[in-house]
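A.B. asks: First residue of the sequence shown: 0, per numbering that gives the first Met the number 0; consecutive thereafter.
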Amino acid sequence: MKLVLAAVAMLVTGLIPPASVAVAVAPATPRVLFDHPCEDHPDYECGTISVPMDYDRPSGARLTVKVSKLKATGPAAQRQGVLVYNPGGPGSSGLYRAAILPDSVRRVYDYIGFDPRGVGGSSPISCVDGPAFFAQPVSDPDPGGPADKARAAARARQYATGCARRSGAELPHLTTTDTARDIDEIRKALGEQRISYYGSSYGTYLGLVYGQLFPGRVRRMVLDSVADADPDDVWYRGNLDQDVALQARAEQWFDWIARHDDVFHLGVTRQAVEVAGGKARARLAHAAIGVLGPGELDAVILNSAYFDTNWVSNARALSDYATRSDPAALVELARLAEPTSAAAENATAAYTAISCNEGVWPRDWTRWDRDSTAYAAKAPLETWANTWSGLPCAYWPVPNRQPMAIDGRGLPPVLMLQATMDGATPFEGAVRTHDMVPSSRMIIESGGGSHGLYNRPQVRNACVDGYATDYLLTAAMPAADVVCPAHPEPTP
0 MKLVLAAVAM
10 LVTGLIPPAS
20 VAVAVAPATP
30 RVLFDHPCED
40 HPDYECGTIS
50 VPMDYDRPSG
60 ARLTVKVSKL
70 KATGPAAQRQ
80 GVLVYNPGGP
90 GSSGLYRAAI
100 LPDSVRRVYD
110 YIGFDPRGVG
120 GSSPISCVDG
130 PAFFAQPVSD
140 PDPGGPADKA
150 RAAARARQYA
160 TGCARRSGAE
170 LPHLTTTDTA
180 RDIDEIRKAL
190 GEQRISYYGS
200 SYGTYLGLVY
210 GQLFPGRVRR
220 MVLDSVADAD
230 PDDVWYRGNL
240 DQDVALQARA
250 EQWFDWIARH
260 DDVFHLGVTR
270 QAVEVAGGKA
280 RARLAHAAIG
290 VLGPGELDAV
300 ILNSAYFDTN
310 WVSNARALSD
320 YATRSDPAAL
330 VELARLAEPT
340 SAAAENATAA
350 YTAISCNEGV
360 WPRDWTRWDR
370 DSTAYAAKAP
380 LETWANTWSG
390 LPCAYWPVPN
400 RQPMAIDGRG
410 LPPVLMLQAT
420 MDGATPFEGA
430 VRTHDMVPSS
440 RMIIESGGGS
450 HGLYNRPQVR
460 NACVDGYATD
470 YLLTAAMPAA
480 DVVCPAHPEP
490 TP
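(1) Quick check on the burial criterion: 16 or more other C-beta atoms within 10 angstroms. Buried or exposed for Arg186?
(2) Which residues does DSSP list as the beta-bridge partners of Arg61?
(3) Return the CA-CA distance between Trp395 and Arg106, expressed in angstroms with no decimal places.
(4) Since Leu416 contacts Ala467 with CB under 8 Å, what's their CB separation in whole angstroms?
(5) Does DSSP put Gly198 in a helix, a strand or coil?
(6) Just checking, does the segment 297-316 make contact with the segment 158-168 on the three C-beta pairs under 8 Å criterion?
(7) Specify the secondary structure class of Asn460 as computed by DSSP and reduced to three states.
(8) Counting Cβ pairs closer than 8 Å, one from the segment 73-91 and one from the segment 190-202, do we hit at least three?
(9) Report the three-state DSSP secondary structure of His486 (helix, strand or coil).
(10) As a quick exercise: from Trp367, Asp183 and Val463, pick the residue whose alpha carbon is nearest that of Pro477.
(11) Could you tell me which whole alpha helix (DSSP H) segments of length 4 or greater appear in the segment 392-430?
(12) Mind pulling the alpha helix (DSSP H) runs of 4 or more residues that sit fully within the segment 142-193?
(13) Quick one: measure Cβ to Cβ for Leu414 and Val225, integer angstroms, because I've assumed they're closer than 8 Å.
(14) Pull up the distance between the alpha-carbon of Leu335 and that of Phe133, whole angstroms please.
(15) Is it buried or exposed, Glu295, if we count other Cβ atoms within 10 angstroms and call 16 or more buried?
(16) Just list the beta strand (DSSP E) runs in the segment 275-335, keeping only unbroken ones of 3 residues or longer that don't cross its boundaries, in chain order.
(17) What whole-angstrom Cβ distance do Leu332 and Ala279 have, given they're in contact under 8 Å?
(18) What does DSSP give as the partner residues of Cys45 in its beta bridges?
(19) When DSSP labels each residue in this structure, what does Asp242 get in the three-state scheme?
(20) List the endpoints of the continuous beta strand (DSSP E) containing Tyr84.
(21) Classify Pro86 as buried or exposed, calling it buried when 16 or more other Cβ atoms lie within 10 Å of its own Cβ.
(22) What is the DSSP secondary structure of Asp223, counted as helix, strand or coil?
(23) Please report the Cβ distance between Asn356 and Thr174, rounded to the nearest whole angstrom; I am assuming they are in contact, meaning their Cβ atoms lie under 8 Å.
(24) Quick one: give me the first and last residue of the beta strand (DSSP E) that Gly129 is part of.
(25) Report the three-state DSSP secondary structure of Arg216 (helix, strand or coil).
(26) Could you have a look at Ser439 and say whether DSSP puts it in helix, strand or coil?
(27) Looking at the structure shown, is Tyr466 part of a helix, part of a strand, or coil, going by DSSP?
(28) Just to confirm before moving on: does the CB-CB distance between Val274 and Ile256 stay below 8 Å?
(29) Taking the DSSP output, what are the residues bridged to Asp109?
(30) How close, in whole Å, do the beta carbons of Gly112 and Leu94 come, if the pair is a contact with beta carbons under 8 Å?
(31) Spatial neighbours of Gln246 within its chain, please: CB distance less than 6 Å, with the 5 preceding and 5 following residues excluded, ordered by chain position.
(32) Can the beta-carbon of Tyr108 be found closer than 8 Å to that of Ala149?
(33) Could you work out which residue in Lys65, Pro130 and Pro89 is closest to Gly120 when comparing CA atoms only?
(34) Please report the straight-line C-alpha distance between Ala343 and Thr351, rounded to a whole angstrom.
(35) Start and end of the alpha helix (DSSP H) containing Thr365?
(36) From the DSSP output, read off the bridge partner residues of Val481.
So this is what it looks like as structure tokens:
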């Protein structure tokens with residue numbers, strides 16, 4: 000193993016490695032791709048490409064993939080090609096996210112975003128009527144007994160059936176491998192011999208699958224908050240690992256709230272904060288307030304387990320309700336989630352389709368029930384909600400595909416960024432992925448847990464950002480893995 004896990008307790012000074020000479024990359028002759036300003040984003044250029052729905056039958060049915068570009072801001076002589084971005088999900092759009100990059104990177108790269116197949120402007124799929132199926136407040140994800148579990152299982156079967164009925168022939172072709180092949184079609188349309196790639200969360204897995212298929216087409220690759228790429232862990236087992244990691248990260252938030260009891264008044268220990276939150280949840284389970292029920296309160300806590308940028312506002316919302324019976328802020332957070340919108344329904348459909356099409360999913364409900372009951376005892380926050388989210392895969396109408404084995408053969412140096420307390424992509428799984436790619440180095444944020452590290456507002460870490468930016472600009476890599484101290488926690 001490249002990285003001894005105990006090493007995360009050590010901190011380094013965060014010195015930036017020396018720069019090497021940047022080399023401009025001349026593009027090949029592109030096909031016509033960008034033919035109009037993007038809707039509501041006139042600074043970006045937009046276009047579409049046509050790709051095979053089934054790459055084994057390239058002359059058959061076609062899908063449309065929407066692509067965006069924001070040109071490099073610097074002189075043409077400094078241009079280093081294109082940087083393709085995927086934010087994860089699966090099912091998230093990357094069209095208009097160039098602001099995630101620092102100005103120095105924007106000067107030398109054309110930003111390329113896209114809607115993955117099945118998403119947004121790229122032959123989008125649907126599984127259910129969003130306003131009806133996802134109406135708020137959602138059912139309490141924590142089952143009260145066998146009857147609740149039976150209802151949730153029937154709902155999951157209904158969802159899987161809806162995906163087959165509404166998405167038809169496209170459904171079997173929504174996989175990570177298919178999306179990776181689409182990226183290479185984008186590369187061809189751009190006229191680029193090689194691309195640089197930046198992926199976050201699931202986008203890290205997508206990038207590695209692309210690199211496995213087309214290693215000679217990768218110039219540089221940054222993987223931020225790294226998903227577990229072990230074929231045995233992809234999706235089902237990975238979700239169970241995620242439940243435990245999200246619980247640990249939520250408990251970090253509760254500890255932080257307790258340290259600021261003078262502001263939030265929820266208790267001076269983590270246990271006291273948990274009790275206060277539990278009482279608030281029980282009140283909502285007894286009587287929901289408009290769109291706000293116990294599931295929506297869980298979602299606020301889950302959001303805090305993903306991103307500490309929202310720790311202050313989420314804690315204030317919880318405190319308002321728990322201490323003053325004022326639900327206004329929590330109601331607004333639930334309303335802003337908009338799970339019934341067409342975009343949200345499409346994103347959920349794409350997430351479900353891609354995950355259900357890949358990996359080994361148990362088809363026997365008793366296995367799900369046994370595992371979820373055991374994990375809920377130690378990770379109550381998200382276990383059952385994650386179970387119901389994935390359960391359509393038990394009834395999926397498409398045969399599962401074995402996830403691609405990753406060995407990193409032929410890849411150039413790959414830079415991975417990872418926080419040790421990341422709940423969404425647990426550290427241990429990221430280390431397994433790191434070990435699969437011999438050319439990789441990992442920049443570790445020790446004690447940090449925000450999901451998505453690079454150049455993120457409010458959680459910026461000069462040590463992490465420095466290595467990532469220098470790598471993108473100059474290809475400089477540290478000689479070994481680096482441990483950076485965590486960014487400061489928010490101050491209420």
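All residues carry an ideal CB built from backbone N, CA and C; glycine is no exception.
Fair warning: this is a prediction, and the values are worked out from it, not measured in the lab.
C.D. replies: The answer reads as follows:
(1) buried
(2) Pro51
(3) 45 Å
(4) 6 Å
(5) strand
(6) no
(7) coil
(8) yes
(9) coil
(10) Val463
(11) none
(12) 145-166 and 175-189
(13) About 11 Å; that fails the 8 Å criterion.
(14) 14 Å
(15) buried
(16) none
(17) About 13 Å separates the two Cβ atoms, so there is no contact after all.
(18) His35 and Ser67
(19) helix
(20) Val81 to Asn85
(21) buried
(22) strand
(23) 5 Å
(24) Here Gly129 belongs to no beta strand (DSSP E); instead the alpha helix (DSSP H) covers Gly129 to Phe132.
(25) helix
(26) strand
(27) helix
(28) no
(29) Val81
(30) 4 Å
(31) Ala378 and Leu380
(32) no
(33) Lys65
(34) 12 Å
(35) Trp364 to Lys377
(36) Ile442
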